[in-house]
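The block underneath contains the structure these notes are about, expressed in structure tokens.
Protein chains: 2
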Amino acid sequence: MARACEFDQSAVLTSAMEAFRRGGFGSVSIRTLEDATGLKAGSIYNSFGDKQGLFRAAFAHYVEHVLRARIAEHAPPEAGLAGLRALFVSLMHEPDDGALGCLITNSAVEFGGSDAQPAAVHAALEILADLFGQRVPAAQSVKLLALYQGILVLVRAGWNKPALEAMVQAEFDQLDGEPNVA
Amino acid sequence: MARACEFDQSAVLTSAMEAFRRGGFGSVSIRTLEDATGLKAGSIYNSFGDKQGLFRAAFAHYVEHVLRARIAEHAPPEAGLAGLRALFVSLMHEPDDGALGCLITNSAVEFGGSDAQPAAVHAALEILADLFGQRVPAAQSVKLLALYQGILVLVRAGWNKPALEAMVQAEFDQLDGEPNVA
DNA sequence: GTTATTCTAGAACATCTGCTAAAGAATGAG
DNA sequence: CTCATTCTTTAGCAGATGTTCTAGAATAAC
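The structure is reproduced here in structure tokens:
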């Protein structure tokens, strides 16, 4: 019917997502997003409405292509508790040393001070809570969720990774010795 | 020798601190800080050098008058493991529902994407790590640090507080049954 | 080929940002 | 009192911010 978009939507979302993971929503400007995505401001506003719209799309992209992909890779349904262990351990082996933080954790912190937390943040946390809840008793699953978020904070803060990994291993060793859900 | 400052430094730092706890460093402007502290921009720059200087002072104020005060209240040296339990439980009973987040956790996340994490953030995390390390075996103390940070993220995200508190109680019940350091 | 429609490019807008300069007000030393 | 010193206030600067507008380029239906 008319001219088609020239850019690759997925590539654009990936680079916007990385910019937001590094700096958060507030400190990444439209100019920075222009450089990161290769798009001009006009095209960004034409395609996503406004900065929030691009963020929402990038957040959804993160949930789908980073979080869900990570779960699928390390903790598919049949992997059980060992899958959860691998998922946790993988957090300490990101090449970026926390510079690319978790967009969910970072957003929970960044928007937690405002009146309304975006529903997307809560929904994303729910994905993890559900995953843990399926493989571990309820009391333990809340602990795993908190541990997961805490590890991401500490990795981003540059905390000693081997110590974190040893802690994860010990924690799952203990979980292995208890009755679980599956 | 000359005119004295009219404002109460501690009160100014407290209100600046609260503003930063709510919004982080980046999204709190000098105008907002003027309103929060009652000072005019000129006085702020005269007293603290620049925005970073005020933030540094507010961060130190937080460590001294919020973190250390919280430890002294709930977990004095003689309180042992029960003190740590009370410390953790207190995180779920803040009246602000996470709108006033922990300045340490929030800063770790906000500055984690930049080249150099401020040393003050790491030092503040060390305070908690040391506290835990004195009352619990090393492997457990790392877990408590991660749990502590994760709880703060989840509280700020509006997560179910009774579930978090039950998790904390269960975790410390288990710790009570193990040999500890003291 | 015309035309309607949608994308892209670039300049521009009003507002907000951190910060500074200049003038007035308070203080203590001489 | 004088005066040097320091605080407070106000106004303003240069640059960055999110956003919009306009002109131009590409496409597909007719």
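For the protein sequence lines, the chains are L and Y, in the order given.
Heads up: take any position in the first sequence, counting from 1, add 1421, and you land on our numbering.
Heads up: take any position in the second sequence, counting from 1, add 1421, and you land on our numbering.
Glycine included, every Cβ here is placed at the ideal spot set by N, Cα and C.
A quick note: this is a predicted structure, and the numbers were derived from the prediction, not measured.
Chain Y contact for Met1438 of chain L (CB, 8 Å cutoff): One-based indexing of the first sequence puts residue 1438 of chain L at position 17. Not closer than 8 Å to any Cβ of chain Y, the Cβ of Met1438 of chain L fails to qualify, so no.
Assign Cys1523 of chain Y to one of two classes, buried (16 or more other C-beta atoms within 10 Å of its C-beta) or exposed (fewer than that). Reading the second sequence from its first residue, position 102 is the one you call residue 1523 of chain Y. That one is buried.
Among Y:Gly1598, Y:Val1589, Y:Ala1541, Y:Phe1509, whose alpha-carbon lies nearest the alpha-carbon of Ala1479 of chain Y? Counting from one through the second sequence, the residue named residue 1479 of chain Y turns up at place 58. Ranked by Cα distance from Ala1479 of chain Y, the options Y:Gly1598, Y:Val1589, Y:Ala1541, Y:Phe1509 are led by Y:Ala1541.
Cβ pair count under 8 Å reaching 3, the segment 1568-1586 of chain Y against the segment 1564-1579 of chain L: yes
Hey, does Gly1607 of chain Y have any beta-carbon neighbour from chain L nearer than 8 Å? Absent from the model: residue 1607 of chain Y. The displayed extent of chain Y is 1422 to 1603, so no value can be given.
For Leu1454 of chain L, go through chain Y and note every residue whose CB falls closer than 8 Å to its CB, in chain order. As a working mapping, residue 1454 of chain L is identified with position 33 in the first sequence. Per Cβ cutoff of 8 Å: no residues; Leu1454 of chain L is ~15 Å from chain Y at best.
Given 8 Å, three or more beta-carbon pairs between the segment 1432-1439 of chain Y and the segment 1478-1493 of chain Y: yes
Assess contact between the segment 1439-1455 of chain L and the segment 1506-1525 of chain L, defined as three or more Cβ pairs (one per stretch) separated by less than 8 Å. Is contact present? With a cut-off of 8 Å, the segment 1506-1525 of chain L and the segment 1439-1455 of chain L count as touching, because enough Cβ pairs lie within range.
Does DSSP put Arg1424 of chain L in a helix, in a strand, or in coil? Within the first sequence, the letter at position 3 stands for residue 1424 of chain L. Three-state result, Arg1424 of chain L: coil.
Could you list the residues in the segment 1567-1585 of chain Y with a C-beta less than 9 Å from some C-beta on chain L, going in chain order? Within the segment 1567-1585 of chain Y, the qualifying residues are Ala1567, Leu1568, Tyr1569, Gln1570, Gly1571, Ile1572, Leu1573, Val1574, Leu1575, Val1576, Arg1577, Ala1578, Gly1579, Trp1580, Asn1581, Ala1584, Leu1585.
Excluding five sequence neighbours on each side, which residues of the same chain lie with their C-beta closer than 6 Å to the C-beta of Asp1507 of chain L? As a first step, residue 1507 of chain L is located in the first sequence; it is residue number 86 there, counting from the start. Rather than Asp, the amino acid found at residue 1507 of chain L in this sequence is Ala. The answer, listed in chain order, is His1495.
Contained beta strand (DSSP E) runs [length at least 3] in the segment 1476-1558 of chain Y, N- to C-terminal order: none
Please compile the residues from chain L whose C-beta is within a distance smaller than 7 Å of the C-beta of Thr1435 of chain Y. Working through the second sequence from its first residue, we reach residue 1435 of chain Y at position 14. The premise fails here: Thr1435 of chain Y is roughly 17 Å from chain L at the closest Cβ pair, so nothing lies under 7 Å.
At the level of alpha carbons, what is the spacing between Phe1593 of chain L and Arg1577 of chain L? Residue 1593 of chain L sits at position 172 when you count from the first residue of the first sequence. Residue 1577 of chain L sits at position 156 when you count from the first residue of the first sequence. CA-to-CA, the gap between Phe1593 of chain L and Arg1577 of chain L works out to about 22 Å.
Could you tell me the boundaries of the alpha helix (DSSP H) in which Ser1431 of chain Y lies? For the purposes of this step, residue 1431 of chain Y is identified with residue 10 of the second sequence, where counting begins at 1. Taken as a continuous stretch (DSSP letters only), the alpha helix (DSSP H) holding Ser1431 of chain Y covers 1430-1444.
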